[in-house]
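Residue numbers (this note's numbering): 1 to 691. Backbone N, C-alpha and C fix where the C-beta goes; we use that ideal spot for every residue, glycine too.
Here it is in structure tokens:
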């Protein structure tokens with residue numbers, strides 16, 4: 001209505017129609033695949049997956065029809081359903097997704113509405129995957145002998161199958177002799193390789209030709225193909241295609257040799273492919289061979305000689321001699337060492353020059369002669385003892401065979417030519433210098449120091465706890481007991497200070513005094529041992545300088561010992577009723593006290609009736625015993641039941657607990673505990689009374 005002047009002129013779209021835009025003069029008919037079930041709809045509603053709607057103008061959800069079996073719909077808003085594709089089946093009304101045919105099956109058709117449409121693969125074929133429209137022909141090297149096979153079965157080792165579509169294991173053919181197969185699923189067999197033979201049908205591994213043989217051919221069908229190595233050749237390994245020529249230093253004198261035979265020591269062989277031990281030539285004189293299997297002999301080295309044909313080892317020139325030449329053929333080549341040299345080893349090409357500190361004065365010397373102590377020789381090659389020079393004063397030599405003398409060390413002096421050892425400075429002296437040539441170099445220790453050893457380069461500072469008041473002191477003097485000295489280097493006894501009150505020293509040579517110990521006091525200057533606080537007192541403090549530090553034990557406590565830091569609590573069964581008690585007082589007979597720390601005799605409680613106490617200092621009373629009674633407070637000893645009675649119970653508090661013997665019996669004893677104590681009157685007597 002183009003003349004409308006109000007929003008009331010805009011009419012809502014009826015069901016079956018919708019309008020997604022503004023300013024429209026009409027509504028759009030609901031499209032196929034959708035429905036419009038609300039007045040004034042702006043968007044059409046799509047039919048859900050698994051349904052379809054071929055009509056337009058639908059005004060209800062019921063217009064969406066479920067897909068029949070054989071069809072499916074994976075999307076919304078569809079006008080038709082999709083035909084179930086090949087390799088799948090759709091067996092439910094309203095299916096959203098087609099179901100795949102399982103492995104081992106196939107389905108070439110579309111629109112299948114049952115799982116029966118999935119056909120098992122026939123024998124000779126297989127299917128490893130789902131949703132297949134056909135089966136795969138069984139591949140070569142395999143066979144498929146079951147309906148619905150998912151994986152083909154491999155032909156085993158030692159067989160092959162070059163055909164496809166095989167339906168039985170019989171399709172796997174055993175490898176013929178002269179071939180083999182190490183692996184499964186093969187389409188052909190491997191020709192037996194050179195160095196091996198295959199003599200069994202269906203062989204999985206080729207057999208190697210043994211050591212000492214070879215086979216240059218492939219496809220061998222018998223062990224006879226393995227040929228023995230001829231003489232002059234050998235084979236140490238199996239499976240070889242040829243033999244190895246016998247190497248130099250060896251010979252191969254047998255057919256089928258696995259190892260060459262080495263030429264023995266003392267011989268050599270420069271040739272290969274030798275067929276006899278005669279190829280091993282003995283070493284000529286002047287050479288030797290200590291090893292087997294050599295292609296040449298070694299010339300006799302310097303220091304040795306080889307005087308026989310076929311020598312295995314050279315002969316060493318003896319000690320005292322040398323030989324500088326190679327290839328020597330006689331012991332005459334060994335020359336004696338000249339003077340100025342020596343040799344203490346065999347087999348030497350030269351003689352060592354006589355070393356410094358020694359001399360070699362004979363031809364053929366084994367060892368150099370050492371210069372004696374107190375002398376030296378700095379030269380090599382010396383030929384006489386005159387080469388050994390005496391040490392000068394201020395030096396010495398304690399060892400033989402030296403090339404120089406030692407400078408006289410500090411703390412010592414060397415005042416003679418040719419000294420073997422330095423002389424030590426005596427105790428109480430020192431010498432800080434080296435090279436001293438007189439005893440005057442030894443200086444006495446000054447006061448405040450000492451030296452207790454000989455041969456010292458300095459004096460020791462007088463140690464703490466001591467004093468050194470004399471020049472040339474050998475040992476420091478200890479400070480006496482009761483004193484101390486914390487300082488070093490003290491040169492007078494006045495350095496030893498008496499211990500102040502509150503401290504003590506029981507030892508000499510101390511650097512400090514000990515604080516007076518707990519339970520004691522030190523009331524004098526220079527105290528050696530602290531004084532113990534007497535019994536009945538205590539002192540919990542250190543460093544006490546008066547007997548007043550010893551405190552008397554309060555009531556309820558005691559102290560039987562001296563030198564204590566605390567008092568003992570009065571023990572149960574006792575009381576401590578005075579200050580400074582040394583020993584606690586025991587509770588008297590007939591009483592007890594279970595408590596500790598009692599400070600009065602009133603803590604001792606009298607035993608109640610039915611109990612007693614024959615001892616002092618007890619923490620409890622004894623229960624009144626059998627045959628007795630305790631009828632008073634504070635009983636010391638229980639009262640026995642009289643003759644003619646007995647009491648079988650403990651803890652009795654009255655004489656009434658004593659039971660009288662029955663008539664016809666009597667009891668002459670007191671304190672009886674049983675009726676068995678009542679004796680029957682003998683024959684010819686009677687007793688008409690009880691008790």
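Assigned secondary structure, residue i (DSSP; H/G/I helix, E/B strand, else coil)
| i | result |
| --- | --- |
| residue 557 | strand |
| residue 332 | helix |
| residue 61 | helix |
| residue 656 | helix |
| residue 387 | helix |
| residue 716 | One cannot answer for residue 716 here, as it falls past the ends of the chain, which runs 1 to 691. |
| residue 240 | coil |
| residue 276 | coil |
| residue 449 | strand |
| residue 693 | Coverage of the chain is limited to positions 1 through 691, which leaves residue 693 absent and any answer about it impossible. |
| residue 404 | coil |
Cut-off 7 angstroms between Cβ atoms - residues of its own chain near residue i, not counting five sequence neighbours on either side
| i | result |
| --- | --- |
| residue 600 | 575 and 577 |
| residue 17 | 27, 28, 29, 30 and 36 |
| residue 2 | Low confidence applies to residue 2: its pLDDT is 39, below 50, so where it sits in the model is not reliable, and the reading given next is rough at best. Once the five neighbours on either side are set aside, residue 2 has no close Cβ partner at all. |
| residue 295 | 248, 249, 268, 269 and 270 |
| residue 677 | 646, 667 and 669 |
| residue 586 | 573, 574, 616 and 617 |
| residue 605 | 591, 592 and 593 |
Cβ-based neighbour list, residue i, same chain, cut-off 8 angstroms, excluding 5 preceding and 5 following
| i | result |
| --- | --- |
| residue 366 | 319, 320, 342, 343 and 344 |
| residue 66 | 50, 51, 93 and 94 |
| residue 645 | 658, 659, 660, 661, 667, 672 and 691 |
| residue 83 | 70, 71, 110 and 111 |
| residue 755 | One cannot answer for residue 755 here, as it falls past the ends of the chain, which runs 1 to 691. |
For residue i, the residue or residues it bridges with in DSSP
| i | result |
| --- | --- |
| residue 281 | 268 |
| residue 479 | According to DSSP, residue 479 bridges with nothing at all. |
| residue 312 | In the DSSP output, where bridge partners are listed per residue, residue 312 has none listed. |
| residue 119 | 106 |
| residue 497 | 484 |
| residue 552 | 537 |
| residue 606 | 591 |
| residue 694 | No answer is possible for residue 694: the residues shown for the chain start at 1 and end at 691. |
| residue 679 | 666 |
| residue 689 | Residue 689 is not bridged to any residue. |
| residue 514 | 504 |
| residue 288 | 298 |
Pairwise C-alpha distance: residue j and residue i
| i | j | result |
| --- | --- | --- |
| residue 648 | residue 624 | 11 angstroms |
| residue 671 | residue 660 | 12 angstroms |
| residue 288 | residue 418 | 54 angstroms |
| residue 611 | residue 638 | 8 angstroms |
| residue 455 | residue 394 | 15 angstroms |
| residue 386 | residue 448 | 51 angstroms |
| residue 209 | residue 258 | 12 angstroms |
| residue 309 | residue 204 | 58 angstroms |
| residue 358 | residue 421 | 20 angstroms |
| residue 261 | residue 244 | 13 angstroms |
| residue 4 | residue 46 | For residue 4, the predicted model reports a pLDDT of 48, less than 50, meaning its position is unreliable and no value from the coordinates is stated. |
| residue 650 | residue 681 | 29 angstroms |
| residue 687 | residue 643 | 15 angstroms |
| residue 135 | residue 121 | 6 angstroms |
| residue 391 | residue 457 | 22 angstroms |
| residue 168 | residue 153 | 10 angstroms |
| residue 68 | residue 81 | 8 angstroms |
The ligand ATP heavy atom lying under 8 angstroms from the CB of residue i
| i | result |
| --- | --- |
| residue 423 | As for the ligand ATP, it is missing from this structure, which has no ligand bound. |
Reference residue i; option with closest CA among the options
| i | options | result |
| --- | --- | --- |
| residue 230 | 40, 133 and 254 | 254 |
| residue 196 | 138, 522, 42 and 242 | 242 |
| residue 383 | 337, 425 and 400 | 337 |
| residue 29 | 328, 23, 59 and 22 | 59 |
| residue 513 | 519, 497, 523 and 521 | 497 |
| residue 609 | 82, 616, 622 and 549 | 622 |
| residue 189 | 107, 90, 155 and 33 | 155 |
| residue 110 | 119, 89 and 97 | 89 |
| residue 251 | 276, 445, 239 and 363 | 276 |
| residue 584 | 131, 592, 91 and 571 | 571 |
| residue 161 | 146, 177, 184 and 303 | 184 |
| residue 495 | 479, 317, 306 and 685 | 479 |
| residue 314 | 340, 339, 346 and 335 | 346 |
| residue 437 | 462, 409 and 445 | 409 |
| residue 278 | 232, 302, 256 and 285 | 232 |
Contacting residues, own chain, Cβ-Cβ under 6 angstroms from residue i (five flanking each side not counted)
| i | result |
| --- | --- |
| residue 118 | 101, 105 and 107 |
| residue 274 | 246 and 251 |
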